[in-house]
Amino acid sequence: MGLDSRPLSTLHERSSYEVADFEVPTGREEEWRFTPLRRLRNLHKGAEALGKVIVEFDAAPEVKVERVGRDDPRLGRAYTPGDRASAQAWASFTEATVVTVPKEAVASVPTVLRLRGEDAGQAAYGHTTVIVEPFGQATVVLDHRGSATYADNVEFVVGDGARLSVISLQDWDDDAVHLSHQHARLSRDARFTSFVVSLGGDVVRLAPTVSYDAPGGDAELYGVYFVDAGQHLEHRLLVDHTVPHCRSRVDYRGALQGTDAHAVWIGDVIIRAEGEGTDTYEYNRNLVLSDGTRVDSVPNLEILTGEVVGAGHASASGRLDDEHLFYLQARGISHDEARRMVVRGFLGQLIERIEVPEVRDQVITAIEAELDR
């Protein structure tokens with residue numbers, strides 16, 4: 014498959030399944046200028062697939078999970094790679110995971126995919142496709158752990174009137190590198206909820222994107238991240254409103270502590286001329302807990318029609334409020350516990366939206382451990 018002539022956005026103009034259609038990034042490109050390329054272990058250059066990430070799963074009784082070859086016709090239906098690393102992942106995987114929620118089926122429990130890396134010394138590639146047929150409903154958890162150098166593509170096909178909630182947890186070991194594109198394509202009156210939690214890894218760069226096939230689509234994208242010393246966590250979102258009367262909401266929050274902790278959040282929303290009646294808002298907030306950290310937060314809103322219900326964006330980054338800490342300490346609470354309470358409140362407003370109790374508790378425990386460092 015060659016270069017796709019349809020522009021994904023004026024911000025992301027190129028999409029192709031062919032690696033050769035993309036030049037090797039140099040770091041001067043807008044989409045790569047924040048990413049530490051030297052730490053990617055050549056994933057962006059086409060490192061040979063000598064490693065492996067093991068995939069295990071617990072499927073809901075109503076849901077079918079399969080491991081398939083790369084020639085399965087269900088793969089690549091929803092997403093065309095938009096950069097060289099994504100195209101390399103498409104070209105390099107040997108097996109893919111396909112999750113299918115049948116028409117009108119309502120999953121009684123979450124379907125959990127566990128991806129485990131065992132060796133960061135060798136590159137590995139993967140692909141996951143989740144298909145929710147019309148009026149189906151399901152929750153899918155993607156749980157990433159272990160040590161790996163890993164690039165993958167994940168596509169979500171959400172049918173007419175279907176509902177899909179996805180929780181993507183990045184709790185890698187400290188030496189892991191992970192580049193991932195996660196794309197959702199929504200049909201008429203489909204609803205998609207994504208919750209990204211990024212905690213572990215040396216370099217993690219995720220690109221959650223959404224497109225719409227018909228009116229009535231509704232996407233909510235939430236994210237929580239905690240960045241430690243020397244760690245690079247990057248989230249690059251794109252919501253592409255191509256049809257009328259669709260809705261999107263984006264809310265990502267992060268906390269940073271330690272020297273050279275680096276958080277990057279790029280939020281791109283485009284409302285095309287055909288996207289009349291769009292209702293969208295995106296928000297990013299960052300809480301800085303110590304000196305020596307860096308935050309790059311860039312919201313972009315591109316509107317090509319004047320007929321919108323609402324469109325807005327906001328970004329804010331700042332240190333712990335001394336007045337909040339003083340107020341709590343004046344009531345007998347220690348400085349460390351006051352600091353914990355502020356961070357819990359800041360991130361907890363989103364964490365409480367995680368609808369799987371086991372995952373929610375796991376995230377709370379992990380953040381408590383981060384605050385203990």
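For the sequence shown, my numbering begins at 14 and goes up steadily by one. C-beta atoms are modelled at their ideal positions from N, C-alpha and C, and glycine is treated no differently. Note that the coordinates shown come from a computational prediction; the quantities given were computed from them, not determined experimentally.
- For Glu131, the enclosing beta strand (DSSP E) stretches over residues Thr124 to Val145.
- The beta carbon of Gly325 is closer than 7 Å to those of Tyr294 in its chain, skipping five residues each way along the sequence.
- In this structure, Ala274 lies away from Val311, with their beta-carbon atoms at least 9 Å apart.
- The count of Cβ pairs closer than 8 Å, one atom from the region 355-368 and one from the region 157-177, stays below three, leaving the stretches out of contact.
- Just so you know, the alpha carbons of Gly230 and Thr318 end up roughly 18 Å apart.
- Taking C-alpha positions only, Tyr296 is separated from His248 by approximately 13 Å.
- The shortest C-alpha to C-alpha distance from Val68 to any of Val369, Glu36, Pro115 and His157 is the one to His157.
- Secondary-structure assignment with DSSP links Asn55 through no beta bridge to anything.
- Counting C-beta pairs closer than 8 Å gives three or more between the region 170-188 and the region 197-215, which meets the contact rule.
- Checking the DSSP bridge columns, you'll see Ser105 has no partner listed.
- Counting along the chain, Asp374 sits inside no beta strand (DSSP E); it lies in the alpha helix (DSSP H) bounded by residues Pro370 to Asp385.
- Pairing Ile144 with Val190 gives a Cβ-Cβ distance that is not under 9 Å.
- Straight across, the Cα-Cα distance linking Ala175 with Ser29 is about 28 Å.
- When secondary structure is reduced to three states using DSSP, Gly64 falls in the coil class, being assigned neither helix nor strand.
- Looking at the backbone, the Cα of Lys116 and that of Glu320 are separated by about 34 Å.
- Between Gly271 and Gly236, the C-beta spacing is not below 9 Å.
- For the 9 Å CB-CB criterion, Arg204 and Ala232 form a contact.
- Between Ser207 and Gly172 a beta carbon distance of about 17 Å is seen, past the 8 Å cut, so the two are scored as non-contacting.
- About 5 Å separates the beta carbons of Val223 and Ala197, which is inside the 8 Å limit, making them a contact pair.
- For the pair Gln244 and Leu219, the CB atoms are not nearer than the 9 Å cut-off.
- In the structure shown, Ala33 falls within a helical segment according to DSSP collapsed to helix, strand and coil.
- Where Phe239 is concerned, the enclosing beta strand (DSSP E) starts and stops at Asp231 to Val240.
- Leu300 and Ala268 do touch by the CB rule: their CB atoms are close to 5 Å apart, below 8 Å.
- The C-beta distance from Arg83 to Phe35 rounds to 19 Å, too long to meet the 8 Å contact threshold.
- In chain order, Lys116, Glu117, Gly172, Asp173, Gly174, Ala175 and Ser200 place their CB closer than 8 Å to the CB of Pro147, counting only its own chain and leaving out the 5 sequence neighbours on each side.
- Comparing alpha-carbon positions, the option among Glu315, Ser121, Ala133 and Glu371 lying closest to Val252 turns out to be Glu315.
- Counting along the chain, the unbroken beta strand (DSSP E) around Ile279 starts and ends at His275 to Ile284.
- In the structure shown, the three-state DSSP call for Ala98 is helix.
- Inter-residue distance for Ile364 and Asp292 is about 24 Å (C-alpha atoms, whole angstroms).
- Under the DSSP definition of a beta bridge, Val256 lacks any partner.
- Thr142 sits away from Ala100, with the two beta carbons spaced by 9 Å or more.
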